Each structure stands twice: as C-alpha cells, then as structure tokens.
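Report on one structure; see the data block that follows.
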Amino acid sequence: MNDLTPDREERSANLKGMGCSRKRVEDARFTQGKGNYVDDIKLPGMLHGDFVRSPYAHARVVSINKDAAMALPGVVAVLTAEDLAPLNLHWMPTLAGDKQMVLADGKVLFQGQEVAFVVASDRYVAADAVELVEVEYEELPVLTDPFEALKSDVVLREDLAGQTEGAHGPRKHHNHIFTWEQGDETGTNQVLDNAEVVAEETMYYHRTHPCPLETCGSVASMDKVNGKLTLWGTFQAPHVVRTVASLLSGIEEHNIRVVSPDIGGGFGNKVGVYPGYVCSIVASIVTGKPVKWVEDRMENLMSTAFARDYWMTGKIAATKDGKITGLHCHVTADHGGFDACADPTKFPAGFMNICTGSYDIPVAYLAVDGVYTNKAPGGVSYRCSFRVTEAVYFIERMIEVLAIELDMDAAELRRINFIKKEQFPYTAALGWEYDSGDYHTAWDKALKTVDYDGLRKEQAERVEAFKRGETRKLMGVGLSFFTEIVGAGPVKNCDILGMGMFDSCEIRIHPTGSAIARLGTISQGQGHATTFAQILASEIGISADSITIEEGDTDTAPYGLGTYGSRSTPVAGAATAMAGRKIRAKAQMIAAYLLEVHDDDVEFDIDRFVVKGAPEKFKTMKEIAYAAYNQAIPGIEPGLEAVSYYDPPNMTYPFGAYVCVMDIDVDTGVPEIRRFYALDDCGTRINPMIIEGQVHGGLTEALAVALGQEIAYDKLGNVKTGTLMDFFLPTAWEVPNYETDYTVTPSPHHPIGAKGVGESPHVGGVPCFSNAVQDAFRAFGLRHTNMPHDHWRIWQAANQLGLHD
Amino acid sequence: MTDKMHIKLKVNGEDKEFLAEPRELLIYALREKLDITGPHVGCDTSHCGACTVTLNGKSVKSCTMFVAQANGAEITTIEGIGEPDALHVLQECFREHHGLQCGFCTPGMIIRATKLLEENPNPTEEEVRFGMAGNICRCTGYQNIVKSILAAASEINTAKEAAQ
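Just so you know, the protein sequences line up as chains S and C, in that order. The UniProt record's numbering numbers the first residue of the first sequence as 1 and each following residue consecutively. The UniProt record's numbering numbers the first residue of the second sequence as 1 and each following residue consecutively.
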C-alpha cells in the first residue's frame, strides 16, 4: 500500500484542515430540529420552578405568605430566603467579588429581583402559584441615576453599611463600589494643560442586553442514592459552574456533573451564575426530584446580565497638525444593585484600559468609578472581550471629536496616529503589550476599496444639494478602526474567582486512526466541533471528518474556563494545537521504529511520516495509530493520547477597519445603510466561511446596539424595554448585506497564529454605525449625540440643529 | 385549573390524541406532550418566530395559539419535512450556505421558508427579507439565511423544470 498516490495536494484537501471553508458538522442536527437545548431535557418526575419577582425597584419585603400557593394542587414547595439561609445559600458570590441575594433577603434592589421560588408539577401550575404568593412590600426611594446615587443619603446595600473597603479597594460613599485607576494621572494632566489642542466630550454608552434567542435555564437532578448532583444548563463556563456549585453547596466536586448541552446563543448572557441555577439545585436537593428552571424573555431582559451602562468623559490632547499627545478618560459605571460583572478578578472594569485604541498615545490615564443603583446586576461583555466595546467606542468617538476640533479628515487623523508596524510588540500607555499589527496596510486597503475620497466628494455635494433644498437626505460616512484584546489569561494576570484562565484539550486517537478531542470550552453557535477538528487535522494528519469534538460535560472534558471574550481559539485552540503536537511527537517515534530508522530521520508530511529524502518510504497516521495500540514497541507505552493545558503568554490583538455609508432622512430620522465594508485581521484564518458568518452576526448585533437596542428604566426603576416589542432585535428586513475582507497578521506567540474573531465585528461595528449617523450631521455642527440612534433620537438631533426650520 | 379537553391533531402526518387544558399553548403541547422539540420558545410574544410551525397550510407562531384553537388541525414542524438520508432542499441549503450558527432559530426559520417558497417560488432578495421578517436570528445577521433560501428556490425551480 506504500504508493505515492494520492498526491500531496489531494491528501492535503482530504484532511479538511486549517484554511478551508469546511461545512459545519453541527448543522445536521440543528437543521432537523434535533438540537438538544436545556428546555428540551425531560426527566422522569421532573418538577418546574418559577420565580415570584419584585414589581418594585427598591422596597423592603415586609412579609411573604405562601399558604395560598402551597394549597394549590401540584405545588411542591415555595422557597424563600428564610428557607435558604440555614444552608447559607440565600446569598451567593458574584464573579466580581461582591455577593448577590439568591432570594430577597429583607429588601429588593431592582425590578424583577427574585423573591421566592415556586416548585410545582408543571410550568402552568408553577405560574399559577407564583400569582398566589402574597408578598407585602414597603416602597423605598429609587435611585436609577449613578450620579444621584453617589450623592444620595439612601443606602442601597445595607448589608455593606459601614464597609469602607470593597473587593477592589476603598469605597468613597455607601453607594460607591470601587475606583479603578490606570496610567499616569499627573503626566496626562501636564500634557493636557500644555497641549496645542484639547478636545473634550462626555458620552453615555447606554445599558443594553445580549439577549440570545434561547433564554437562560437549568435542570438540576440530585441523585440522593449515589450522592451525585447533575446540572444541565446554559453555561458558557461549565467547569467554573461546577466549582462554584461545589463551594456553595458543600457537595464534593467529583460528585457534581455539570453539562452544557446545545446553547442557543450566549453573547455573554450565559457567563454569570444566576439565582435560578442555585434555586433549581436547592429545589432538587429538597424534593429529591429533578427540577427545571427556564426563564421567559421578560425575566431574561429584566434580571440577567445587562451590558454597558458607562458614562464616559474624555479629554484628548493633540498638536495642531493632529498628533495625539495624551488621553484622559473617566467612567462612571452603573453596576445595578449588585456588582455581578463578569471580568477577571484584577480588572473590575474589564479591559477598559485598552481605550488608547489603535493609536500611539504617549501618555494616558483612566479612572473608573463603579456605582450601585436600583437596576439589575450584570455588566457582562456582550459580544466583546471584557468592556472592550466600551473602550473602542470611547476612543473612536474621541477621534471623531478631535477631528472636528482640528477641522481635519477623520481618516487622515487616524492614519497619522496609528501604531506603526515596526513598533510591534507595542506597549501601550495603559500597560497592554500589543502582540502584532499592521494597521496602515489594513486602513489603506479599506479606504481604497470603498473609494473613500469619492465618498467624501459625494457627501459634500449632498450637503450642498440639501442646502439648496433639492434633497432631504444627508449622507454619513462612518469610520472605525479597532484593536480588540482577547484570549484571557495569562493565568498570572487573569483569573475568575481565583481560577486561572488557561484552557485545555485532551485527544484520544483510536486504533483505526480516527479520534476524539475534548476541550474546556463550549460552543454556543461558533462551530467549535467544525473548526477545532480542522486545527487538529492540520496538526496530526487525520481528516477533520474522522475527528469528534466534545465540550461541555465536566465528567469527561478537561477543566477549562469556558467560552467568552473570544478566548476559545486563542486559548483552547492553542491547547488543541499543543496537544496535537504531543501526539505527533509520539507518532514520530512509532513511525521511525516501523520504518527502522532513527527518530530524526523521519519528518511529518500532511498525513504521514516519511523518511527524509525517501518519500516513498512512509507510514500514514492511520498505520501509526494502529501500531500504537497493537504492536509492542520497545521503550514506548501503548496508546496514542495527549492532553494540554495551555496558559497563553499574552493576549491576542485582532484588529479591523470598517466603513459604513448611510443615508439619513432628516424628516423621519430613518437611516438607510447603503454600504458596510468590514476588513478583519484575526491572524491565521481557520475556516473562512465561519469567520464570515461571525462577522455578519457581530455586525448585526452592533447595528442593533447603535441604532435602537437598549434597556431603559423610568424614574421609578420600571424596565421600559422588557419584551421584544420594545427591545430592538433587527430582522432580515432591517439588516443590510455586508462586504467582508481581510488581512492576515498572525499572532507571534500563538501556536498557529490565530487571534479570535467572534467579537471583533461587534467591537468595531458599534462605533462605525454610530460614527456614520453623527458624521451625516457634522457639516451642520453636530459634535456628539448619544446612542442608541433610533429614528426618534435622530429626528431630535436633526431638529436641534435647526434642520427642520 | 380548568377541565381538560380532548385534543386531536395531525402532526407531521401522524394522528395524535391527548388531554390538555384549553389554555395550554400549542408550543407546549407540541414540546412537552408530544416530545416534538424542534420548535422553540424564544420570546412568548410572537416576535421571534422560533416556534413557527405550519398549521393548516399557514405559517403560525405556536407560542401565540392555544392548543384548543388548534384542535383538529394539521401541523407540520421541522421534524416533518425531511429524513436524515433525504433532507429537504432548505435543510441542505442552510448547511451549504452557513445559514445557521447556534441553531435555536433554525427550525422556525426553515419551516417558515418552506411556506414562503410555496407562496412565492421565485422571490427576489427583498421579498425573502420581507417574508422572513417574522423570524429573528441573533447569530447570522441574516445574510447567509437569505442566501440559503434563494439557493433553495433556485434548486427547487431547476428540479421542477427538469421534471417537466
């Protein structure tokens, strides 16, 4: 069988390795309705849990009467904080070092807060019983504005009263959580004081929500006979959930199995630990039966994991010819009733300190003040690495404002301030070491492709036509250039609840030359089963079609920190490559033995090891796998398995250049996206089809956030956008076609040079859409207006500029 | 709790009979009584379309219809349009053109598309976008969904022409 056919090209194609647009293996089950999501799980005797939630944003809970609810046939239990207190489960730790009530303990701090947990025979009985639980509240003054909260005498967190030190340093006020400072304040102020030009702006990045199409939920099943707890749920980090569940419940970790089944989108919503998970576990322990909890859409929008809500004030200093000399940023961060942000421990404002963006800024200072208010907790990274969307929005707006101040073209202003290719690795003023980049090449390619000069000419003509009364539509050219920071760890810098942010891959090659690989991550639609098999195919020479990828079951998968912050490819992808290389190293020894040559005399060639200089002498990986199990090889133990736990030496820094061309009807405020061009550089490209799909999706979520999506509250703390009637999710009708493009600047420290891409389009897309809207009005004096730019707000902006007179 | 009703449905060609409270929503009857879990619940307010099924020849959001209203109806869900070794052309095209990511909207999306192409076998891109506007996807940005449906229309039409 040792002939040389098929040829190298064909053998390479058969692998379906890195770089090919392999069709997804997940799709067979999803297109046939055979996905297995948490709400599809049905166990014998399973009960349903449902929450009694607070209608008030701030109130004392005077009494809870369960009698009527308990009298309803089918109701098994009604749990309150009083029931959880003996187990010490009425409060739980948050990922941000704070603690959060599982069920209202004396008071409620936001509308929709969990007050009691009803357990019943089916979802209808549970819902009926929720209505029968009588809760007496005493209303308290409501604080929905973080600036007011910092001045108010009203103490939101009575449990923290008198504590002047929080998890992240001193607290200045009873509603203050932390101040996080980065960079050189004195140096930055000196530069600002002496600058030729300073542009200042305050912007509000509104509160929104990741809103995956599948809401959060869990099924807990306590097997009292064997002492084993199984927990299925919508977990972006199943291993962390297991550890937290063990610490909270006292059940030893080996007796807990956490499973993330198919997940219907995450976008950050499914990183945190929610009261529903805890209550389903407690209810199963109490009743001895499996208990399912699945929130509805309104509960999802009101209570789990908001994103953003940053008030950002910037000062940017520059020379008259546009060279940026310093940047100052202050953020007032509204964290809601509990600090439940999902950030690495040392970063209470995430990676907001990437806010110097893609620019060579010599000195900078950032301070973030976290504040409690009567809003839902969360502060997750909605389709971005930790707070990077906020950071990139901030700098990309500041650049536009500076361009206005300098009366300069915003594309040129970016170009003259970009970090240059030869400066990488580049240490930014706020500390991050950017691993690689080639911003000028990407920018020039983008501007050339869209004919930037032509667009500006057309825009100027449009302004003149508008002034002559020939049109009522203005044209905006939105620009953004972003640098993401993804792939947390390294462990020395990044942990969550003390758990280092490495990730893992374990590979087992079967005797006939197929394989299974298990990872510490969990796909929520990213297509891991497809792409990780491609990485392995290229590394170990076995076709991707012969490799099963499994994730999400803590009993079988190696420990890992999960999927969020675009960390799967940078961290678990690296672990996969490294584990693959261990397999290859052993395979090399086996091949050398079989070919009767020295280990160093064989080399890897696509799907086989060949004798150097004699390609007709080879052993395929299939042959090697068989020999590994079935042939006694002196000095080599049987089997072909490997595991790698990968602690990345640095983050990866994907970047991109986006341009949006928009027409805006001044009289209706309706924006029409004429063109959207997105160039992404995510380093080595594993599957171009999947990359493109991620870019389309991320841009659409960016469109939503920039043009209408928000979680809004009234003065009493009522959520005004609690259903999809009010919370904007774009449909096919509102979304344009996107043009995608790329450059490739591999990460120098990642084993395959990949950087991650899922969140880049959101990070770069939000400022691009927003800049397009604002750019349309630049000629009429608009400097900045806050998102979301829905029709009404755009109309108001036009009106304030006198364009309706 | 009210008295249960005797419900008869024909689902994916099979006759089904069961008892249900009249207030029970069709989606829960399908998912929890009949174990047809392809249709999903995404919003409860008939905005997202994850629960879409075909009922007596029309696209219906099964989260906004009582099972009592559906009594006697003929229903097709994602489970009823293809077999593992003989997929519906839309199922093939969604895979071919990467028209799905997390898969949660996909059953509703595809079942809606089957009706759309029956109503309009030669849709323009704009007509596809309008015709699918009742189904929300959070992952794909729709570009590849539209591409998948247009490709399916073209394949169906080519097959029809070949048959004539």
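Every residue, glycine too, gets a C-beta built ideally from N, C-alpha and C. Just so you know, these numbers come straight off a predicted model, no measurement behind them.
Any chain S beta carbon closer than 7 Å to C:Ser148: So no, C:Ser148 is outside the interface.
Spatial distance of S:Leu729 from C:Val41 (CA atoms): 16 Å
Identified DSSP bridge partners for S:Cys505: S:Leu519 and S:Ser644
S:Met101 vs S:Val719 beta-carbon contact at 7 Å: no
The alpha helix (DSSP H) enclosing C:Glu24, as first and last residue numbers: Looking at the DSSP string, C:Glu24 is not in any alpha helix (DSSP H), and its letter there is neither H nor E.
Three CB pairs or more closer than 8 Å across the stretch 77-87 of chain S and the stretch 317-325 of chain S: No: the two stretches stay apart, fewer than three of their Cβ pairs being nearer than 8 Å.
C-alpha gap between C:Ala108 and C:Tyr142, whole angstroms: The sequence shown places Gly at residue 108 of chain C, not Ala. The alpha-carbon atoms of C:Gly108 and C:Tyr142 are separated by roughly 14 Å.
Identified DSSP bridge partners for S:Gly378: S:Phe306
Nearest candidate by alpha-carbon position, reference S:Gln163, set S:Tyr137, S:Asp98 and S:Asp105: The option with the nearest alpha carbon to S:Gln163 is S:Asp98.
Residue interval of the beta strand (DSSP E) (run including S:Ala614): Ala614 to Thr620
Reference S:Thr441; option with closest CA among S:Glu422, S:Asp407, S:Glu9 and S:Leu15: Here the closest residue by C-alpha is S:Glu422.
Where the beta strand (DSSP E) containing S:Glu136 begins and where it ends: Glu134 to Glu139
C-beta contact flag for S:Ser358 and S:Gly565 at 7 Å: In this structure, S:Gly565 does not lie closer than 7 Å to S:Ser358 by Cβ.
Cross-strand partners of S:Pro671 (DSSP beta bridge): S:Ile664
Three-way DSSP call (helix, strand, coil) for S:Lys586 in this model: helix
Residue from S:Val666, S:Leu679 and S:Ile711 whose Cα sits closest to the Cα of S:Asp805: The shortest C-alpha separation from S:Asp805 is found at S:Val666.
Chain-ordered neighbours of C:His6 on chain S, where CB pairs are closer than 9 Å: Those within 9 Å of C:His6 in chain S number zero; the least Cβ separation is about 18 Å.
Chain A within 7 Å of C:Gln69, Cβ atoms only: Absent here is chain A; the protein component of the structure consists of chains S and C.
Within 7 Å, strictly: CB atoms of S:Gly693 and S:Trp795: no
Pair within 7 Å by beta-carbon distance, S:Val735 and S:Val477: no
Within-7 Å CB hit, C:Arg138 to chain S: So, interface residue.
Buried or exposed by the 16-neighbour rule on C-beta atoms within 10 Å, applied to S:Thr188: Classification of S:Thr188: buried, given that the 10 Å Cβ count is 16 or more.
S:Val401 vs S:Pro290 beta-carbon contact at 7 Å: no
Beta-carbon proximity check, S:His749 vs S:Pro654, cutoff 7 Å: No; because the gap between Cβ atoms is not below 7 Å, this pair is not in contact.
Other residues of its chain near S:Ala574: CB distance less than 6 Å, five sequence neighbours each side excluded: Tyr646, His750 and Pro751
Through-space distance from S:Asn255 to S:Asp555, alpha-carbon basis: 10 Å
Nonlocal neighbours in the same chain, by C-beta distance under 8 Å from C:Leu19, ignoring five residues either side: Result list for C:Leu19: Lys4, Met5, His6 and Ile7, in chain order.
Neighbour flag for S:Met18 against chain C, beta carbons, 7 Å: Contact with chain C is absent for S:Met18, since none of that chain's Cβ atoms lies less than 7 Å from the residue's Cβ.
Chain C within 7 Å of S:Glu214, Cβ atoms only: So yes, S:Glu214 belongs to the interface.
Extent of the continuous beta strand (DSSP E) run through S:Glu551: Ile547 to Glu551
Contact list for S:His696 against chain C, beta-carbon separation under 7 Å: Thr140, Gly141, Gln143 and Asn144
Counted within 10 angstroms of its Cβ, other Cβ atoms place S:Val62 as buried (16 or more) or exposed: exposed
DSSP bridge partner residues for S:Leu679 (one or two, in chain order): S:Ala657 and S:Asp741
Listed by chain order, chain C residues near S:Met725 by CB distance under 8 Å: Thr45 and His47, listed in chain order.
C-beta contact flag for C:Ser128 and C:Ile149 at 7 Å: Sequence inspection shows Val at residue 128 of chain C; the Ser mentioned does not correspond to that position. Yes, Cβ-Cβ distance for C:Val128 and C:Ile149 is below 7 Å.
beta-carbon S:His209 near the ligand SAM non-hydrogen atom, thresh 6 Å: In the structure on display, the ligand SAM does not appear, and there are no ligands present to speak of.
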